[in-house]
Amino acid sequence: MNNLFEQIDLKPFHWIYRRVSEENFQGFYHWHQGCEILFVYRGQGRVIVNQQSYEIKKGMLFFFQPFQLHKVYVDVSPHTPYERSILHFDPLSLGRNLHFFPGLSGLLKQLQNGINEPQAFDLKDAFPYINDICEIFNKSLQTSNWEEDSQLFLMQILSCIRSNIHDVQLNTSSNKEFRSLYYSERIMLWIEEHYKEPFDLGQLSDELHLSKSYVSRIFKRETGSNLTEYITIRRIQQACQLLQMTNNPIEIVSQNVGFESVSYFIQLFKKMIGTTPHQYRLSQQSSTN
10 MNNLFEQIDL KPFHWIYRRV SEENFQGFYH WHQGCEILFV YRGQGRVIVN
60 QQSYEIKKGM LFFFQPFQLH KVYVDVSPHT PYERSILHFD PLSLGRNLHF
110 FPGLSGLLKQ LQNGINEPQA FDLKDAFPYI NDICEIFNKS LQTSNWEEDS
160 QLFLMQILSC IRSNIHDVQL NTSSNKEFRS LYYSERIMLW IEEHYKEPFD
210 LGQLSDELHL SKSYVSRIFK RETGSNLTEY ITIRRIQQAC QLLQMTNNPI
260 EIVSQNVGFE SVSYFIQLFK KMIGTTPHQY RLSQQSSTN
């Protein structure tokens with residue numbers, strides 16, 4: 010569970026083109042300091058983000074907000090490879106000329122900062138177009154026009170997302186039926202309300218009207234991780250936020266995210282983030298000065 014927070018060089022973006030995994034794909038919960046766009050060419054599995062579970066399939070595009078906890082859980086084999094392109098970017102740098110396009114600028118701000126915004130977009134109908142613009146953008150990085158082309162690429166992707174959102178809104182009606190939540194989604198929603206408290210598997214299973222063993226088993230099956238791992242990572246993520254946003258002593262931060270022992274919190278934080286809570290706070294303060 011190391012490197013949960015991935016510090017990526019975003020000057021102004023980091024691009025991964027058509028990476029293929031055919032075996033040993035180990036997804037894990039993590040977050041980045043910038044925005045992330047993930048486009049899928051091939052693969053099957055699930056993306057876990059914002060206490061929701063989305064299917065991975067050809068043509069899916071995912072948008073992850075800065076510091077947003079997420080996991081890509083893929084069933085990989087030589088017969089079912091996972092192929093994707095990924096763009097990590099600093100929205101202030103890459104989107105600095107979006108003010109000339111107020112609709113796209115507003116959409117980026119909505120995706121970047123909005124609460125309960127869509128995170129997954131089924132763009133299978135636009136797959137040939139996105140495939141082409143990704144290839145063109147990748148080639149442009151070898152030219153002197155890469156900076157302009159990168160901004161154009163972001164606008165093209167945002168335009169595809171906007172079209173998808175528009176189509177969804179057109180299809181929305183008062184009679185629309187919503188899918189039932191996966192068990193893992195119901196479990197994550199419960200954890201979101203209780204992760205600051207000592208974990209009680211019995212209370213969780215009682216409220217979901219499931220057995221303890223089934224709760225643990227179904228969460229592992231649907232997300233690829235166990236309950237203890239998820240709760241620990243959620244607490245550490247919240248601790249990172251408190252260390253950045255408040256001046257509360259480490260002991261108070263530890264208590265506020267559900268750890269009874271501050272020494273255990275410090276030990277676990279260093280193991281998972283790679284630095285102590287105090288050092289992490291100092292590094293985050295220096296990066297904003």
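In the working numbering, the protein residues as written are 10 to 298. All C-beta atoms in this analysis are idealised placements derived from N, C-alpha and C, irrespective of residue type, glycine included.
For Thr-237, which residues from the same chain have a beta carbon less than 8 Å from its beta carbon, with the 5 sequence-adjacent residues on both sides left out?
Phe-208
Taking the alpha-carbon positions, what's the Asn-33 to Asn-256 distance?
41 Å
If you drop the 5 nearest sequence neighbours on each side, which residues of the same chain put their C-beta closer than 8 Å to that of Asp-18?
none
If you draw a straight line from the C-alpha of Tyr-223 to the C-alpha of Asn-235, how long is it?
12 Å
Would Phe-162 pass as a contact of Leu-70 if the rule is Cβ separation under 7 Å?
no
Under 8 Å Cβ to Cβ from Glu-216, same chain only, skipping five residues before and after it: list those, please.
Trp-199
If Leu-47 sits next to Leu-116, beta carbons under 8 Å apart, how far is it from one beta carbon to the other, in whole angstroms?
No, Leu-47 and Leu-116 are not in contact; Cβ-Cβ is about 17 Å, not under 8 Å.
Under 7 Å between C-beta atoms, does His-23 make it to chain C?
Reference to chain C is not applicable here, since this structure consists of a single protein chain.
So, at 8 Å on beta carbons, what are the nonlocal neighbours of Val-50 in its own chain, with the 5 sequence-adjacent residues on each side left out?
The amino acid occupying residue 50 in the given sequence is Tyr; Val does not appear at that position. Excluding positions up to five away in sequence, the list reads Arg-27, Lys-67, Glu-92, Arg-93, Ser-94 and Asn-140.
For Lys-80, three-class secondary structure by DSSP:
strand
In its own chain, which residues sit with a C-beta less than 6 Å from the C-beta of Met-10, not counting the 5 before and 5 after it?
Per-residue confidence for Met-10 stands at a pLDDT of 47, beneath the threshold of 50, marking its modelled position as unreliable; the derived number appears in the next sentence. For Met-10, where only same-chain residues beyond five positions count, the Cβ hits under 6 Å are Met-281.
Considering Ser-153, what are the terminal residues of the beta strand (DSSP E) in which it resides?
Here Ser-153 belongs to no beta strand (DSSP E), and DSSP marks it neither H nor E.
Could you check what DSSP says for Arg-28 in three-state terms: helix, strand or coil?
strand
From the DSSP output, in three-state form, read off Asp-99 for me.
coil
Based on Cα-Cα distance, which residue from Gln-160, Gln-16 and Asp-134 lies nearest to Leu-113?
Gln-160
Quick check: the stretch 76-83 against the stretch 138-155, are there 3 or more CB pairs under 8 Å?
no
For His-108, which residues in the same chain have their Cβ closer than 7 Å to its Cβ, ignoring the five residues on either side in sequence?
Ser-114
Using DSSP's beta-bridge definition, name the partner residues of Phe-34.
Answer by DSSP bridge pairing: none, since Phe-34 is not bridged.
Going by Cα to Cα distance, which pick from Gln-250, Glu-201 and Glu-31 is closest to His-88?
Glu-31
Among the residues of its own chain, which have a CB less than 7 Å from the CB of Ile-57, if the five just before and after it don't count?
His-79, Lys-80, Tyr-82 and Thr-232
In whole angstroms, what separates the C-alpha of Arg-55 from that of Lys-133?
17 Å
Determine the closest residue to Ser-62 out of Gly-43, Ser-193 and Glu-126, with distance taken between C-alpha atoms.
Ser-193
Taking the continuous alpha helix (DSSP H) assigned at Phe-228, which residues delimit it?
221-232
Among Gln-247, Gln-165, His-41 and Tyr-191, which residue has its Cα nearest to the Cα of His-97?
His-41
Looking only at its chain, what residues have a beta carbon closer than 6 Å to the beta carbon of Gly-43, apart from the 5 residues adjacent to it on each side?
Leu-19, Pro-75, His-97, Phe-98 and Asp-99
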